[in-house]
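Student: Take a look at the following structure, please.
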Amino acid sequence: MRTMKTTALLLSAALLAPGVAFAQETIRIGVTQPLTGAVAASGNYVANGARVAEEVVNANGGVLGKKIQLIIEDNKSNPKEAVASAEKLIVRDKVPVLMGAWSSTFTLAVMPKLVEYGVPMVVETSSSTKITTSGNPWVFRIAPTSAMEAKSFAEKLDHFQPAIQKADFLAVNNDFGRGSADEFRKMLQTKGVKIGVTETMAPEATDLSAQLSSIKQSGGDTLFVTTGVEQITLILKQAAELRLPHRIITNGGSSSPDQLIAQAGAAADGGYFTLFFAPWFPEKAVHPAVAKTFVDGWNRKGYDFAGLTEGYRGYDGIMTIVEAIRKAGKAEPQAIRDALWTVKLDGVNGDIAFRKDGPEGKESGQNEANVYVVQVKDGKVTMP
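FYI, in mature numbering (1 follows the signal peptide of the UniProt record, and there is no 0) the residues of the sequence shown are -23 to -1, 1 to 361.
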């Protein structure tokens, strides 16, 4: 009798346990983002975009007759924490799919866990080419690679007056920064642009005077900067203090120009910024109605307008996952992975669909994303 009672109690506990898939009344989606640490502003913007998508999906009946539930973990702007957060989401929270992990360094650190546990991840931000060429069939990236961004930027070179003749680089010293600088440097060289110095900085660095002084002495006319919005703010201020003569162009899509205007003031004026969504001009989006739905949802939640340029990543990422779950007909990792190859979705950035990238038999999914360039003039964002 005692054995039967014990068994019943254990079964009852198991049915109530949050990690048991068949007891869930919602479909869980795991999210790992840097909510604290060096790039926390960007991570929170992406997480907020994901929350807007959650609200929109659930207001329209959810998926497969269930509401979705985001389980959001802080990877603390640290690759080891990114791995721990992903493993926690997979093992303890039993999520069948992930979105993450902002930085290329964080994403690359997480990727072996996707193979180990057989769980797909939609990559919403990371741009390192290695993410989709390393042979991980559980990775599906909606963000452009650095090479794709550089190629798109090349088409806009003729718009810069005076022309870019000699370029210098200042990049955060990680996969994101180094990879972007490499791709833009190669692109500019093919266009006949001379290359000056390349300086790097730690993600947490706050004094960039040594790097900027070296760049000032190079004789270049344009400085390409790759890092998060926090460091971009510091760079703009310190460049103004040093009277750096360069035209400053940021790439990577993580600049949040409105935040720069608010925090860097006049130092942001004249700067150019590559973005993958320009919320000041939603009518110029590939799918204006989708962009409006996102912006309206963001505003309803009272989020800062400055975050829209990165928040869209979280929105498109979750919408991509939901569409894959709908196509799969069930919330199971293998089925979701298979369905991701068939997704065709109207996103805030544009059309979302995946082509194969990487070694045969172990291809990752890569989306062809759109790139925009905006400029700050007289404290306002314009599209040149």
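A virtual CB, placed ideally from N, CA and C, is assigned to each residue, including glycine.
For clarity, every value in this text was computed on a predicted model and none was experimentally measured.
Quick one: complete alpha helix (DSSP H) runs, 4+ long, within the region 99 to 183?
Tutor: Entirely contained in the region 99 to 183, the alpha helix (DSSP H) runs reaching 4 residues are, in chain order, 107 to 110, 123 to 131, 152 to 167.
Student: Going by Cα to Cα distance, which pick from G173, G324, G156, F271 is closest to T297?
Tutor: Closest option to T297, Cα to Cα, is G324.
Student: Which residues bound the beta strand (DSSP E) around R224?
Tutor: First-last of the beta strand (DSSP E) with R224: 224 to 227.
Student: For the 8 Å Cβ check, are there 3 or more pairs between the region 205 to 217 and the region 239 to 250?
Tutor: A contact exists between the region 205 to 217 and the region 239 to 250.
Student: Return the residue from the list I192, V72, E337 that minimises the CA-CA distance to T3.
Tutor: The shortest Cα separation from T3 among I192, V72, E337 belongs to V72.
Student: What are the start and end residues of the beta strand (DSSP E) that includes residue 407?
Tutor: Because the chain in this structure spans residues -23 to 361, residue 407 falls outside the shown range and cannot be described.
Student: For the region 41 to 56 against the region 226 to 235, do three or more pairs of beta-carbon atoms, one drawn from each stretch, fall closer than 8 Å, so that the two count as touching?
Tutor: No, because fewer than three Cβ pairs between the region 41 to 56 and the region 226 to 235 fall closer than 8 Å, the two stretches do not touch.
Student: Leaving out five residues before and five after T102 in sequence, what residues of the same chain have Cβ atoms less than 6 Å from its Cβ?
Tutor: Closer than 6 Å at the Cβ level, and outside the excluded window around T102, lie W79, A120, R290.
Student: If you measure between the beta carbons of A86 and V60, is that distance less than 7 Å?
Tutor: Taking 7 Å as the Cβ cut-off, A86 and V60 qualify as a contacting pair.
Student: Applying the criterion that 16 or more other CB atoms from any shown protein chain within 10 Å of the CB defines a buried residue, is Q142 buried or exposed?
Tutor: Its Cβ having fewer than 16 others within 10 Å, Q142 is exposed.
Student: Mind listing, in chain order, the continuous beta strand (DSSP E) runs of no fewer than 3 residues lying wholly within the region 17 to 83?
Tutor: Runs of the beta strand (DSSP E) inside the region 17 to 83: 44 to 51, 75 to 77.
Student: On a CA-only basis, which of F137, P180, K128 is nearest N150? Give me that one, please.
Tutor: When only C-alpha atoms are compared, the closest one is P180.
Student: Rounding to the nearest angstrom, what Cα-Cα distance links F282 and E337 in this structure?
Tutor: Computed Cα separation, rounded: 42 Å.
Student: Please tell me whether Q236 and V206 are closer than 7 Å, where the distance is taken between their beta carbons.
Tutor: Taking 7 Å as the Cβ cut-off, Q236 and V206 qualify as a contacting pair.
Student: Should A144 and V170 be called a contact, given that it needs their Cβ atoms to be closer than 7 Å?
Tutor: Yes, these two residues count as a Cβ contact at 7 Å.
Student: Under 7 Å Cβ to Cβ from H136, same chain only, skipping five residues before and after it: list those, please.
Tutor: Closer than 7 Å at Cβ, skipping near neighbours: P361.
Student: By how many angstroms is the C-alpha of G294 removed from the C-alpha of D273?
Tutor: C-alpha separation (whole angstroms): 18 Å.
Student: Just to confirm the assignment, what range does the beta strand (DSSP E) spanning F201 have?
Tutor: Taken as a continuous stretch (DSSP letters only), the beta strand (DSSP E) holding F201 covers 199 to 203.
Student: Can we say the region 339 to 346 touches the region 107 to 114, given the rule of at least three CB pairs closer than 8 Å?
Tutor: The region 339 to 346 vs the region 107 to 114: in contact.
Student: How about the region 247 to 264 and the region 348 to 361: do they share at least three Cβ pairs that are nearer than 8 Å?
Tutor: They touch, by the three-pair rule.
Student: Looking only at DSSP bridge pairs, what is V272 linked to?
Tutor: None, per the DSSP bridge assignment.
Student: Helix, strand or coil, according to DSSP, for K354 in the structure here?
Tutor: Reduced to three states, the DSSP call for K354 is strand.
Student: Suppose the cutoff is 8 Å on Cβ atoms and the five residues either side in sequence are ignored; what does the same chain contact list for residue 363 look like?
Tutor: In the structure as shown, the chain starts at -23 and stops at 361, and residue 363 therefore has no counterpart that could be examined.
Student: Locate the beta strand (DSSP E) running through Y292, then write down its first and last residues.
Tutor: Y292 -> not in any beta strand (DSSP E); alpha helix (DSSP H) instead, spanning 285 to 305.
Student: Quick one: Cα of N326 to Cα of E287, how far?
Tutor: Those two C-alpha atoms are separated by around 11 Å.
Student: Quick one: measure Cβ to Cβ for V351 and P234, integer angstroms, because I've assumed they're closer than 8 Å.
Tutor: With a Cβ gap of about 6 Å, V351 and P234 count as contacting.
Student: DSSP on S341, reduced to helix/strand/coil?
Tutor: Residue state, collapsed to three classes: strand.
Student: Whose CA, out of A127, A63, G14, lies closest to the CA of V96?
Tutor: Nearest of A127, A63, G14 to V96, Cα basis: A63.
Student: Taking just the CA atoms, how far does I313 sit from K354?
Tutor: Near 45 Å, if we compare the C-alpha coordinates of I313 and K354.
Student: Would you give the residue range spanned by the beta strand (DSSP E) that A278 belongs to?
Tutor: A small correction: the amino acid at residue 278 is Lys; Ala does not occupy that position in the sequence shown. Here K278 belongs to no beta strand (DSSP E), and DSSP marks it neither H nor E.
Student: Is L221 helix, strand or coil by DSSP?
Tutor: DSSP places L221 in coil when its eight states are reduced to three.
Student: Checking the sheet assignment: what are the DSSP bridge partners for Y349?
Tutor: Paired residue(s): L252.
Student: Of the residues A15, M98, G248, T122, which one's Cα is nearest the Cα of P222?
Tutor: For P222, the nearest C-alpha among the options comes from G248.
Student: Ordered along the chain, which non-local residues of its own chain (more than five positions away) have a Cβ less than 8 Å from that of Q188?
Tutor: Contacts found: L147, E176, T177, M178.
Student: Is there at least one Cβ from chain D nearer than 7 Å to I295's Cβ?
Tutor: Within the model displayed, chain D is absent; a lone protein chain is all it includes.
Student: Return the bridge partner residues of I209 from the DSSP annotation.
Tutor: BP columns for I209 are empty, so no partner.
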